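Chemist: Before anything else, here's the structure in question.
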Amino acid sequence: MFIKEYISEIAKATKSLWTGMKLTGHYFVRPKTVITQQYPDNRDTLKMADRFRGEVTMPHDENNQHACTGCTACELACPNATIKVITKFELTPENKKKKALDTFVYHLDMCTLCGLCVDACPSGAIQMGQNFEHSVYDRSTLTKKLNKPGSKIREGVE
Numbered sequence: 005m006f007i008k009e010y011i012s013e014i015a016k017a018t019k020s021l022w023t024g025m026k027l028t029g030h031y032f033v034r035p036k037t038v039i040t041q042q043y044p045d046n047r048d049t050l051k052m053a054d055r056f057r058g059e060v061t062m063p064h065d066e067n068n069q070h071a072c073t074g075c076t077a078c079e080l081a082c083p084n085a086t087i088k089v090i091t092k093f094e095l096t097p098e099n100k101k102k103k104a105l106d107t108f109v110y111h112l113d114m115c116t117l118c119g120l121c122v123d124a125c126p127s128g129a130i131q132m133g134q135n136f137e138h139s140v141y142d143r144s145t146l147t148k149k150l151n152k153p154g155s156k157i158r159e160g161v162e
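The sequence shown begins at 5 in this note's numbering and counts up by one.
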């Protein structure tokens with residue numbers, strides 16, 4: 005009984021090895037099929053996958069407007085306090101107070117790139133970027149202010 009199981013395991017392992025070697029042999033015989041990208045030589049042409057999660061970004065349009073309402077849903081969804089949303093109150097034309105974004109602070113050095121903040125954002129104001137090169141000598145440079153100076157909330161975003 006033991007010898008039968010032993011020989012069966014050897015046969016399965018040999019089949020698995022043969023499957024992998026067939027694929028390796030295919031690429032060896034047809035070397036014009038290039039799969040490996042030569043980073044960093046290809047920085048200009050490098051295209052990351054659409055589902056890649058690099059860092060949190062806040063897109064602004066040509067009028068320096070964003071979609072962040074300052075609701076702090078992203079801050080609450082973040083598992084390790086990477087995001088700090090500082091809000092202020094502005095007066096509307098009807099003289100009512102309305103909460104608005106003052107500063108969106110993002111601590112990239114603490115971010116796990118999980119994307120929970122992007123999923124929690126009701127207005128789609130933040131998204132995961134494609135940048136992945138974050139090596140720096142000074143850790144304080146990894147703390148970023150995502151809203152640009154003088155930016156306002158886009159009309160029609162509630």
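Here a beta-carbon is modelled for each residue, glycine too, at the ideal position from N, C-alpha and C. These figures come from a predicted structure and were not determined experimentally.
Going by the DSSP bridge assignment, what does V60 pair with across the sheet?
Modeler: In the DSSP output, where bridge partners are listed per residue, V60 has M132.
Chemist: Can you tell me which of the three DSSP states H138 falls into?
Modeler: Coil, per DSSP.
Chemist: DSSP three-state label for K16, please.
Modeler: Three-state result, K16: helix.
Chemist: Take the Cβ of L150 as the centre, count every other Cβ of all protein chains shown within 10 Å, and call the residue buried at 16 or more, exposed below.
Modeler: So L150 counts as buried.
Chemist: Of all the options C78, A104, K156, which has the alpha carbon lying nearest to the alpha carbon of A124?
Modeler: With distances taken between Cα atoms, A124 lies closest to C78.
Chemist: Taking only three categories from DSSP, how would you classify D106?
Modeler: D106 falls in the strand class under three-state DSSP.
Chemist: Report yes or no: do the segment 81-91 and the segment 99-113 share at least 3 C-beta pairs separated by less than 8 Å?
Modeler: Judged by Cβ distances under 8 Å, the segment 81-91 makes contact with the segment 99-113, as three or more pairs qualify.
Chemist: So D106 and I90 are in contact, right, with Cβ under 8 Å, and what is the actual spacing, rounded?
Modeler: Correct: roughly 5 Å between the Cβ atoms.
Chemist: Buried or exposed, going by whether 16 or more other CB atoms sit within 10 Å of the CB of I157?
Modeler: Buried: at least 16 other Cβ atoms inside 10 Å.
Chemist: Ordered along the chain, which non-local residues of its own chain (more than five positions away) have a Cβ less than 8 Å from that of G119?
Modeler: R57, M132, listed in sequence order.
Chemist: Which residue wins for smallest C-alpha separation from D54, given the options H138, S144, Q134?
Modeler: Here the closest residue by C-alpha is Q134.
Chemist: What is the DSSP secondary structure of L95, reduced to helix, strand or coil?
Modeler: Correct three-state label for L95: strand.
Chemist: Considering only C-alpha positions, which residue in the set D142, N68, H30 is nearest to K152?
Modeler: Of the candidates D142, N68, H30, the one whose C-alpha sits nearest the C-alpha of K152 is N68.
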